[in-house]
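Asks: Chains as they are written, first to last, in this note's numbering: chain A, -6 to 81; chain B, 14 to 306.
Here it is: the structure, laid out below.
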Amino acid sequence: MLSSFFFLAAAEDGADAGKAIALALGIGLGSLGAGIGIGNIFGSMIQAVARQPELRGELTGIQWLGFALTEAVVFYGLIGGLLAYVLV
Amino acid sequence: MRRALAIVTLLALTLPSFALASGDEETKFDPSEEWNLHTWGPELKIGPIDMSINKAVAYLMLGTVCSILIGIVLMRVKPGRGPNRRQALGETIYEVAQVQVAEQGLPTKAIGRWFPYVATLMVFIWTINILGFIPLPLSDERWHVGGIGIPTFAIFAATSTLSVTLALALMTWVFTHIEGIRENGTWAYFKSWIPDVPKAMLPLIIPLEILGQFMRLISLSIRLYANMLAGHMLILTFIGLIFVLENVFLAVIAVPAATAFYLFEVVIVVSIQAYIFAALSAIYIGSAIEPEH
Chain A
-6 MLSSFFFLAA AEDGADAGKA IALALGIGLG SLGAGIGIGN IFGSMIQAVA
44 RQPELRGELT GIQWLGFALT EAVVFYGLIG GLLAYVLV
Chain B
14 MRRALAIVTL LALTLPSFAL ASGDEETKFD PSEEWNLHTW GPELKIGPID
64 MSINKAVAYL MLGTVCSILI GIVLMRVKPG RGPNRRQALG ETIYEVAQVQ
114 VAEQGLPTKA IGRWFPYVAT LMVFIWTINI LGFIPLPLSD ERWHVGGIGI
164 PTFAIFAATS TLSVTLALAL MTWVFTHIEG IRENGTWAYF KSWIPDVPKA
214 MLPLIIPLEI LGQFMRLISL SIRLYANMLA GHMLILTFIG LIFVLENVFL
264 AVIAVPAATA FYLFEVVIVV SIQAYIFAAL SAIYIGSAIE PEH
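Structure, rendered in structure tokens:
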């Protein structure tokens, strides 16, 4: 299923090309959003620690929680893309 | 020592792909083949439930044994003697589980009852995740040496199958509602789902809140599953590129890239996902015991 992912799927079949586009869009747009979100989290963390260094310990837990929650968004896109690729 | 470890890791990463290359030359390389679970031994079926053993079950059993060993070796220390490194490590794990996971989500009165559950979740998921990045001879492919089929070394995590993570998420989900009903009473608990909004908004809000409870189940399971699946697939795909495009020189790019992803997964993702799963379980159970409204 994924081996045609490496070669250009368009060469084989038009429908495969559509699926490949769906997979790529799912991952690509998902990572776009998550990239902005994760950048925001770490940027805010740097600012917060620069202003109040004594809060670092308490903030670290919240930071990783936010990181994991945001990062998961990519994988919802990935799973959606894979579903489109495999099932449709 | 550290350099030797790095070289061993690098070599270990290429092992699964050598196994694939030594197989049938006609078959195309396909990373998703790793997730086709073949039954080992006889099929054990109890009614509609399939109880037969496959690769994921073997990894789960191994993970169970290892997490029990972590508890026994690191945390059962005779009192009286001076603390050693083993005890210090055990206490670090305990402290993370208590301060970072349990006390963040659970109210004080519920810590005694639910701390064992969330701490077990954390250690268990961490163990399965880390076992998924150690090459173990538990793969479905056989390497024939003198007529004996030896399983090839491969990396596979039980948490990269949806059934495992969904079962873990279901446990948290069921416990959440049982605990909410027990502490607040049935009517009061279900009423606490609905926030204070004008009456006209209620037909819109109530279905959304009920849907939100089910979305927790989905997001909790998919997060862990997709993280581990994507990590393994990335590593396999990078190594596999050498064999798909049949060009040895690609190894110059593919192997360092795969190693970088491998280190990222082992150092960050494995621990973060175990922590997140346990912390969110604690938050969900805690918010059911003491609803804000």
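Where is the CB? At the ideal position from N, CA and C, for every residue including glycine.
Model, not experiment: these values are computed from the prediction.
For Arg155 (chain B), which three-state DSSP category applies?
Replies: strand
Asks: So does the region 251 to 265 of chain B actually touch the region 205 to 225 of chain B, counting three or more Cβ pairs closer than 8 Å?
Replies: no
Asks: Let me check understanding here. Comparing Cα to Cα, which of B:Glu303, B:Ile163, B:Leu230 lies closest to Asn197 (chain B)?
Replies: B:Glu303
Asks: Does the region 191 to 206 of chain B come close enough to the region 239 to 251 of chain B that 3 or more CB-CB pairs lie under 8 Å?
Replies: no
Asks: So Pro164 (chain B) is in the beta strand (DSSP E); what residue range does that whole segment cover?
Replies: 161 to 164
Asks: Would you say Gln226 (chain B) reaches chain A, if we count a Cβ-Cβ gap shorter than 8 Å as a contact?
Replies: no
Asks: Assuming contact is defined by CB atoms lying nearer than 8 Å, are Gly19 (chain A) and Gly73 (chain A) in contact in what I supplied?
Replies: yes
Asks: Can you tell me whether Gln113 (chain B) is buried or exposed? The criterion is at least 16 other CB atoms within 10 Å of its CB, across all chains shown.
Replies: Counting the other Cβ atoms within 10 Å of the Cβ of Gln113 (chain B) gives 16 or more, which makes it buried.
Asks: Taking all protein chains shown into account, do 16 or more other C-beta atoms lie within 10 angstroms of the C-beta of Leu119 (chain B), making it buried, or fewer, making it exposed?
Replies: buried
Asks: Apply the 10 Å Cβ neighbour rule to Pro148 (chain B) and answer buried if 16 or more other Cβ atoms are within range, or exposed otherwise.
Replies: buried
Asks: Taking its Cβ as the centre, do 16 or more other Cβ atoms sit within 10 Å of Ile289 (chain B), making it buried, or is it exposed?
Replies: buried
Asks: For Ile207 (chain B), I'd like the list of residues in its chain whose CB is within less than 7 Å of its CB, leaving aside the five on either flank, ordered along the chain.
Replies: Once the five neighbours on either side are set aside, the close Cβ partners of Ile207 (chain B) are Ile218, Ile219, Glu222.
Asks: Out of B:Ile296, B:Ala301, B:Val158, B:Glu305, point me to the one whose CA is closest to Val131 (chain B)'s CA.
Replies: Of the candidates B:Ile296, B:Ala301, B:Val158, B:Glu305, the one whose C-alpha sits nearest the C-alpha of Val131 (chain B) is B:Ile296.
Asks: Check each candidate in B:Leu175, B:Ile191, B:Val280 and name the one with the smallest Cα separation from Asn49 (chain B).
Replies: The residue with the shortest Cα to Cα distance from Asn49 (chain B) is B:Leu175.
Asks: Can you grab the Cα-Cα spacing for the pair Gly76 (chain B) / Leu58 (chain A), in whole Å?
Replies: 25 Å
Asks: Against Ser232 (chain B), what residues of chain A qualify as contacts under a CB-to-CB distance less than 9 Å, listed in chain order?
Replies: Leu62, Ala65, Tyr69
Asks: For Ile252 (chain B) versus Ala239 (chain B), is the C-beta spacing smaller than 8 Å?
Replies: no
Asks: Below 7 Å between beta carbons is the criterion; list the residues of the region 259 to 277 of chain B that meet it against any residue of chain A, in chain order.
Replies: none
Asks: Is there contact between the region 166 to 174 of chain B and the region 61 to 79 of chain B, where contact requires at least three CB pairs shorter than 8 Å?
Replies: Touching, per the Cβ criterion.
Asks: Which class does Asp63 (chain B) belong to by DSSP, given the choice of helix, strand or coil?
Replies: strand
Asks: Can you check whether the C-beta of Tyr297 (chain B) is within less than 8 Å of a C-beta belonging to chain A?
Replies: Cβ-Cβ to chain A under 8 Å: no for Tyr297 (chain B).
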